[in-house]
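Quick note: the sequence shown uses UniProt numbering, first residue 1, plus one each step. Ideal Cβ placement from N, Cα and C applies to all residues, glycine included. Only one structure is covered here, and it is reproduced in the block below.
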Amino acid sequence: MTSKMHQEGKVGDLLAHRFEELGVKDYFVVPGDYNLDLLDQLLRNPRLRMVNCCNELNAGYAADGYARTSDTKIAVVVVTYMVGSMSVLNAIAGAYSEGLKVIVLCGGPDSRNYGHGGRVHHSLGLADKEQSLRMFRNVTCASIRLDNDSCPQDIDNVLQKCRSASLPVYIEIPVDLVHRDFVQTSCIAPIPCAEAAPTLDQNVKAIDLFRDTWMAAQGPVILVGSGLRSVLSVEAIDRLVSALGCAAFYLLDGKSRISETHPQCGKLFWSIVSDPGVEETVRAADLWVTLGCRWNDLHTLKAIDLEKERSRMLAIDESSIQLPDGRELTNICTKTFVESLIMSDIPARYASDITLHSNICEHHRREGTAKQHNASLDVEVCLDDIVEALTGFVSPADTIIADAGESWFAASRVRLPPQADFQVQLLYSSTGWSLPAAMGCQLARPDGRAIVVIGDGSFQMTGQELSTMIRYRLNAIVVIVNNSGYQIEDAIHHGPYNRIGGWDYTAFAEAVWKGSCSKSDSEPHAMFATKITSQRELHEAFSRAREQPQALALLECCVDPAKASAVVQRFGATLVRK
Numbered sequence: 001m002t003s004k005m006h007q008e009g010k011v012g013d014l015l016a017h018r019f020e021e022l023g024v025k026d027y028f029v030v031p032g033d034y035n036l037d038l039l040d041q042l043l044r045n046p047r048l049r050m051v052n053c054c055n056e057l058n059a060g061y062a063a064d065g066y067a068r069t070s071d072t073k074i075a076v077v078v079v080t081y082m083v084g085s086m087s088v089l090n091a092i093a094g095a096y097s098e099g100l101k102v103i104v105l106c107g108g109p110d111s112r113n114y115g116h117g118g119r120v121h122h123s124l125g126l127a128d129k130e131q132s133l134r135m136f137r138n139v140t141c142a143s144i145r146l147d148n149d150s151c152p153q154d155i156d157n158v159l160q161k162c163r164s165a166s167l168p169v170y171i172e173i174p175v176d177l178v179h180r181d182f183v184q185t186s187c188i189a190p191i192p193c194a195e196a197a198p199t200l201d202q203n204v205k206a207i208d209l210f211r212d213t214w215m216a217a218q219g220p221v222i223l224v225g226s227g228l229r230s231v232l233s234v235e236a237i238d239r240l241v242s243a244l245g246c247a248a249f250y251l252l253d254g255k256s257r258i259s260e261t262h263p264q265c266g267k268l269f270w271s272i273v274s275d276p277g278v279e280e281t282v283r284a285a286d287l288w289v290t291l292g293c294r295w296n297d298l299h300t301l302k303a304i305d306l307e308k309e310r311s312r313m314l315a316i317d318e319s320s321i322q323l324p325d326g327r328e329l330t331n332i333c334t335k336t337f338v339e340s341l342i343m344s345d346i347p348a349r350y351a352s353d354i355t356l357h358s359n360i361c362e363h364h365r366r367e368g369t370a371k372q373h374n375a376s377l378d379v380e381v382c383l384d385d386i387v388e389a390l391t392g393f394v395s396p397a398d399t400i401i402a403d404a405g406e407s408w409f410a411a412s413r414v415r416l417p418p419q420a421d422f423q424v425q426l427l428y429s430s431t432g433w434s435l436p437a438a439m440g441c442q443l444a445r446p447d448g449r450a451i452v453v454i455g456d457g458s459f460q461m462t463g464q465e466l467s468t469m470i471r472y473r474l475n476a477i478v479v480i481v482n483n484s485g486y487q488i489e490d491a492i493h494h495g496p497y498n499r500i501g502g503w504d505y506t507a508f509a510e511a512v513w514k515g516s517c518s519k520s521d522s523e524p525h526a527m528f529a530t531k532i533t534s535q536r537e538l539h540e541a542f543s544r545a546r547e548q549p550q551a552l553a554l555l556e557c558c559v560d561p562a563k564a565s566a567v568v569q570r571f572g573a574t575l576v577r578k
């Protein structure tokens, strides 16, 4: 089947057509003189929206958020040669670590300048002008520079690799190629899907191996990670947990991958910083059925020996399962495999500690809530208050995005309603990622609100993108945990370098709002910002955010830095333990 394309057949028209075909609706750009004509061509497609960002790093973070939460799970970012591409590189490295499909378009110098000694601006002044191309080969599954002879096929090949490998790709486009015709007809064929088809025999074998391992276990638990986001729905995981009957826990990056209202959901498992009872329950199990657990040192905190623990792990990943004895079965269809498990006659294992553990968690939650209700609302605000306020505010269509640091510990304790999403960049842990990523999440998931939990230090790195969120009338909630510095780093290693300069964050928000060139952006309902020092002010701020659902809300929560939670201190201590 064929589909129509812009009659001029320029490279930007071809790319825009492909992006639309892939389901992309928004793309993130920072203009530069090497990509301006390309941007003109992309703009000719009225079904794609261009989102102008403040800088390339933030544009890359926004694409990261968009790729996580959009229906198509693909994002596009457009930058210029070297000064732009080197800036966005950090964000693309983070996207690679998360297995995200991000397409980087980079406008480059005239093709005649490559391999010659002439100095061109934005370059290192060398004859060799492939530094950007080489750098991106380290953080993508495919990086190319287009030439005149095979441009359309090269584009299709790279986009197919992006889709099949679920990793970023990089396309460098010399400025002179933008004006050449590449497609002579008005129709082009859709991108072929070249993914290998799993065999039925492999799935049948996988069921048998799972059954044998499951039947030999006395006290199994399920651990849910983030690695199966593109394969299994939350509903499918909930049904699998119900069918297997045992307690289920989630890793930090697996939060929202199982419904927290599920009766078998036993909260967050985070090594030695887990809630009371969680670590003990997991460690007492003789079988861990792991669903997409992409373990790293921030999961284990030096307290879990993965090599040792693999002897009790039955790991279900995107296209494979690995057994506790080390055997691995590849080329399975995980979605079909899980559905077969649900419908099978494999007996459920009802662990006696599920109810006990749920009661422990509920007791702690109610105890904390009672303390808040019994206290004066004029006392200073703390992290527990923020957690309680967020739990009462978040709705099923919302997405919580937590930045690196103490924000992880606040956001991870928010009890999510069904269908709410949670996003965190745990492996790469790039400070400041969350604010621009939330912009991408909000654009991709407009029916709900993106709720950012970010520290003051993180906000200072990427806060200028707040102006872009206001410009595009996004109704996100930005919760700044202002504890006067990098508290998580101070917990790891105390020093004066963890203190930062103080900002007036509400005044900053007012400045980027009222400084807008667009009169409509200065309307009273576009944004509000407030500084919060007490529980009363916190309640009032969230009430206002609920009453003004179309407004962006910036809530600066001033938290005493001397009252860092014990769990943060314990987390920091594990990272420096010898």
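Could you tell me if residue i is buried or exposed, where buried requires 16 or more neighbouring beta carbons within 10 angstroms of its beta carbon?
i, result
"glycine 118", "exposed"
"histidine 357", "Because the pLDDT of histidine 357 is 48, which lies under 50, any placement of that residue in the model is unreliable, and the question is left without a value."
"proline 168", "buried"
"asparagine 359", "Note that asparagine 359 scores a pLDDT of 46, beneath 50, so its modelled location is shaky and nothing firm can be said."
"asparagine 148", "exposed"
"glycine 12", "buried"
"serine 430", "buried"
"glycine 115", "exposed"
"glycine 99", "buried"
"glycine 501", "exposed"
"glycine 392", "exposed"
"glutamate 465", "buried"
"tyrosine 66", "buried"
"phenylalanine 571", "buried"
"glutamate 388", "buried"
"alanine 564", "buried"
Between which two residues does the alpha helix (DSSP H) holding residue i run?
i, result
"aspartate 156", "151-165"
"threonine 72", "No alpha helix (DSSP H) holds threonine 72; DSSP gives it neither H nor E."
"lysine 335", "334-343"
"isoleucine 264", "Note that residue 264 is glutamine in the sequence shown, not isoleucine. Counting along the chain, glutamine 264 falls outside any alpha helix (DSSP H), and DSSP gives it neither H nor E."
"alanine 476", "From DSSP, alanine 476 is part of no alpha helix (DSSP H); its letter is neither H nor E."
"tyrosine 96", "85-97"
"leucine 427", "From DSSP, leucine 427 is part of no alpha helix (DSSP H); its letter is neither H nor E."
"valine 282", "278-284"
"isoleucine 222", "Unbroken run through isoleucine 222 is the beta strand (DSSP E), 220-224; no alpha helix (DSSP H)."
"valine 568", "566-576"
"valine 441", "In the sequence on display, residue 441 carries cysteine and not valine. Here the alpha helix (DSSP H) through cysteine 441 covers 434-444."
"arginine 544", "535-547"
Are residue i and residue j touching if we call contact CB-CB under 7 Å?
i, j, result
"valine 79", "cysteine 53", "no"
"arginine 327", "leucine 287", "no"
"alanine 16", "leucine 42", "yes"
"valine 51", "phenylalanine 28", "yes"
"alanine 476", "alanine 444", "no"
"lysine 302", "threonine 574", "yes"
"glycine 254", "glycine 277", "no"
"cysteine 162", "isoleucine 103", "yes"
"alanine 420", "proline 396", "yes"
"isoleucine 454", "serine 407", "yes"
"lysine 73", "serine 230", "yes"
"glycine 266", "phenylalanine 249", "yes"
"leucine 146", "leucine 177", "yes"
"tryptophan 214", "isoleucine 346", "yes"
"glycine 108", "glutamate 56", "no"
Identify the continuous beta strand (DSSP E) that holds residue i and give its terminal residues.
i, result
"cysteine 558", "552-558"
"asparagine 52", "49-52"
"glutamine 131", "Here glutamine 131 belongs to no beta strand (DSSP E); instead the alpha helix (DSSP H) covers 131-136."
"glutamine 423", "421-424"
"phenylalanine 528", "527-532"
"phenylalanine 28", "26-29"
Hey, out of the options, whose CA is closest to residue i's CA?
i, options, result
"valine 88", "Ser429, Ala59, Ala315, Arg229", "Ala59"
"phenylalanine 182", "Lys10, Asn90, Met135, His539", "Lys10"
"glutamine 218", "Ala526, Ala284, Tyr170", "Ala284"
"leucine 552", "Val452, Glu540, Leu383, Asp385", "Val452"
"serine 70", "Glu388, Trp214, Gly572, Ala437", "Ala437"
"leucine 209", "Gly23, Arg145, Thr330, Lys267", "Thr330"
"alanine 216", "Leu416, Ala348, Ile144", "Ala348"
"tryptophan 503", "Cys557, Arg413, Gln202, His262", "Cys557"
"cysteine 382", "Ile304, Arg239, Glu489, Ile532", "Ile532"
For chain B, find out if any of its Cβ atoms is closer than 7 Å to the Cβ of residue i; answer yes or no.
i, result
"leucine 89", "The structure shown contains no chain B; it holds only a single protein chain."
Using 8 Å as the threshold, is the stretch 330-342 in touch with the stretch 239-246, meaning 3 or more CB pairs across them? Here the stretch 330-342 lies against the stretch 239-246, with 3 or more beta-carbon pairs under 8 Å apart.
Does the stretch 455-469 touch the stretch 91-108, meaning 3 or more C-beta pairs lie closer than 8 Å? Cβ pair count under 8 Å is below three, so no.
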